Every structure is written in structure tokens, then in C-alpha cells.
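I have placed the structure first, in the form of C-alpha cells, so that the comments after it can refer back to it.
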Amino acid sequence: MPGGTKGANGTGSGRDESPEERADRQWQELIQEIRVAQTGVQILFGFLLTVAFTPAFAGLPPTEKKLYVVTVVLGSLATGALIGPVAFHRVVAGRRVKPEAVAWAARLTFTGLVLLLATCTSALFLVLRVATHDPFVPWLVGGVLAWYLLCWFALPLWVRIRHTAEK
């Protein structure tokens, strides 16, 4: 890394921190990231749960009801994965396994983001299909999905590869 020095952990991160300090910092960064995603998934999931109790739901065709069930299950899975790191931390707190907890919490968070992507895509497809009955809906949702993939994964991966390559 240009201008970086090896820290106490020998990673070349440019930070002079012990493995425990690094884990503490990474945990705080991860929790800040999770707060953003948790709020979004909880609002979306809460909204999805109310839909089945509306008068219009009973009149939906079976295909839309099945799509709704898939969307709710995806939202539930995303909620579980994005809240999982908090429970994980609570269960292992004080056991001197923070580096491992950070790694597992990061995995749960990534899984939650993928499930949130699927939930958002499925919810958008359901709403646009019910609202418009337009054959263009799959193409529109595909475009939004491509945008999500670009913003959430492709651009960060491109920056990661471009700026962390050995020079």
C-alpha cells in the first residue's frame, strides 16, 4: 500500500494497532454499516407483513400471492441475517473471540445484504406487476436489479481491486 507502514499486527494496514484493537475498530465499523441496512430491511419487512391484512390482498391472483409469500420469506431471512451479528456479539461477548466474531458478523451481514437485494427486487416486481400488469415490468425490474448490483457490489469490488492491487 502506498505510504502505508506495517502496524503491530503486521498487516500493512498503516495502523499501529494490536489484533484486539483492530477487531474492536472493525466491529464498530461493521455495526455502523449494519444500522443502515437493518433500518431498511425492518421497514420493508414490516410493510410486507401488513399487506396480507388489506382488503385488496384477498383479490390477488394465486401467482401474485405466491410471489408475496416468497417476498415475505426473503424479507424475514434478510432481517434475521442483518440482526444476527448483534445476537452473535451478545452470545460471545467477553469470551475473547472478537476477531472471530467480527469475521462471522461480516459473513452474516453480507448474506443479509444479498437477501435484502432479493427482497427489494421481489417486492418491486410484485408491486409493479400488481399495479400495472405491464409486460415491460420484468425488464424494468431487471434494470433496477442491475443498478443494485452495480451500486452494492460491482463498484465496491472495482474500487477494491483497483486500489488494493500490489504495485
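So the sequence shown is numbered by the numbering used here: it starts at 4 and just counts up by one.
Beta carbons: idealized from backbone N, C-alpha and C, even for Gly.
Remember, it's a predicted structure, so these values are computed and weren't measured experimentally.
- Under the three-state reduction of DSSP, residue 152 is assigned to helix.
- The three-state secondary structure of residue 138, taken from DSSP, is coil.
- Residue 102 is positioned such that its CB atom lies closer than 8 Å to that of residue 22.
- If you look at residue 27, you'll find it in the alpha helix (DSSP H) that goes 22 to 54.
- For residue 60, same chain residues with a beta-carbon under 7 Å away, outside a window of 5 residues either side, are 54 in chain order.
- Proximity of the region 80 to 91 to the region 37 to 45 meets the contact definition, three or more beta-carbon pairs being nearer than 8 Å.
- Counting the other CB atoms within 10 Å of its CB gives residue 78 a total of 16 or more, which places it among the buried residues.
- Pairing residue 106 with residue 92 gives a Cβ-Cβ distance that is not under 8 Å.
- For residue 100, there is no enclosing alpha helix (DSSP H), since its DSSP letter is neither H nor E.
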